[in-house]
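Shown next, in structure tokens, is the structure this report addresses.
Next up, the structure:
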């Protein structure tokens, strides 16, 4: 029997702060090989990734997760060493305990129990990356692109991010908002404040542009999603002098958007507003957009019914099907199959003394086990889901 808690501890004891792997992926690979999975290491740049599959038939139910973690921060503020994986009064303390080494261990243990009971009418797979907490350029995105090019089919995917809000199993994520970051640089002409006709002040132009963007209502929400929002995150001029018109003014903004929009459409809109703000200005506006993910929704249906039922098998209640929160690697996986996120309570993720009750880790294993069983009961009848 595979011990999910012991496996979580072993993973936490590998200080895999992005982009370091520190041997965490080796532990996952050895564990899955022992369970009969065929494992492929897929390294892109300096990032270790793993795709593992048990079986060759469809449907293929995939679990996706990440072994990398965020930095510890102030190590002196922790009550226990962050990578010691100590259990104190039934609570496992360590970086990655919630986000999300425990979920990888829970799904591996659940898979072990299911596979021990006999064959499955389909396949189980794992897509594990070491680049979720970083810039996410050489992780899940690249693995998905490679699998898609090879013709590998994943029918449905579970991502083990910590999705529960207050109590274990109270929430799963069936969608996420998209995210666009835009850097704005307004280049003017430096000059003396007493002779403004000899200069081109970039500050009023930047202010006008930001005001126009903020005044625009993006939408009033989308089915299951809150309204999209645009937030200015910094404004920088860097002018310590009182009598100098600066040559440059900069700002950054972020838009979290629901499926009412596509990232490029929002970038194009900002470009149009920038061109309006440039009218009559002797300088220019330079935009540097980056779309980190599109909004997506896995509509309620047979797949989400399986997940809700599996959670109910363990908790006795049905989870909220939510679209709240930030982004995750589900934004890449949604390009190849329906995806839902199911995991622990996320209150301590990225915090000092990140922790997970041992009982909750074991309950997550039970949810995953029920999910696998119910999934193949629902979808394993047909070879073409």
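In the working numbering, the protein residues as written are 2 to 386. Cβ atoms here follow ideal geometry from the backbone N, Cα and C, with glycine treated the same way. All of these numbers come straight from a predicted model, not from anything done at the bench.
Residue burial classification, residue i (beta-carbon count within 10 angstroms, cutoff 16)
i           : result
residue 386 : Here the model assigns residue 386 a pLDDT of 47, short of 50, so the residue's position is not dependable, and the following value carries that caveat. That one is buried.
residue 202 : buried
residue 110 : buried
residue 90  : exposed
residue 2   : exposed
residue 212 : exposed
residue 217 : exposed
For residue i, three-class secondary structure by DSSP
i           : result
residue 143 : helix
residue 386 : Residue placement at residue 386 is poorly supported in this model, since its pLDDT is 47, which falls under 50; the coordinates are not used for a value here.
residue 43  : coil
residue 83  : coil
residue 12  : helix
residue 366 : helix
residue 115 : helix
residue 217 : coil
residue 35  : helix
residue 179 : strand
residue 190 : strand
residue 295 : coil
residue 241 : coil
residue 374 : helix
residue 352 : coil
residue 62  : strand
8 Å Cβ cutoff met for residue i and residue j
i           : j           : result
residue 80  : residue 354 : yes
residue 311 : residue 372 : yes
residue 278 : residue 233 : no
residue 129 : residue 32  : no
residue 299 : residue 249 : no
residue 341 : residue 159 : yes
residue 288 : residue 309 : no
residue 226 : residue 176 : yes
residue 344 : residue 164 : yes
residue 192 : residue 199 : yes
residue 375 : residue 307 : yes
residue 123 : residue 56  : yes
residue 11  : residue 34  : no
residue 92  : residue 359 : yes
residue 197 : residue 246 : yes
Expected contact under 8 Å - CB spacing of residue i and residue j to nearest Å
i           : j           : result
residue 170 : residue 368 : 7 Å
residue 95  : residue 83  : 6 Å
residue 179 : residue 296 : 4 Å
residue 70  : residue 97  : 4 Å
residue 50  : residue 140 : 6 Å
residue 101 : residue 162 : 6 Å
residue 303 : residue 172 : Not quite, the Cβ-Cβ distance comes to about 20 Å (not below 8 Å), so this is no contact.
residue 292 : residue 103 : In fact, because the Cβ distance is near 31 Å, the residues do not count as touching under 8 Å.
residue 144 : residue 223 : Actually they are not in contact, since the Cβ atoms of residue 144 and residue 223 sit about 29 Å apart, beyond 8 Å.
residue 135 : residue 20  : 6 Å
residue 214 : residue 271 : 7 Å
Enumerate, from N- to C-terminal direction, the unbroken beta strand (DSSP E) stretches of 3 or more residues contained entirely within the segment 298-343. 321-323, 340-342
Mind pulling the alpha helix (DSSP H) runs of 4 or more residues that sit fully within the segment 248-292? 264-279
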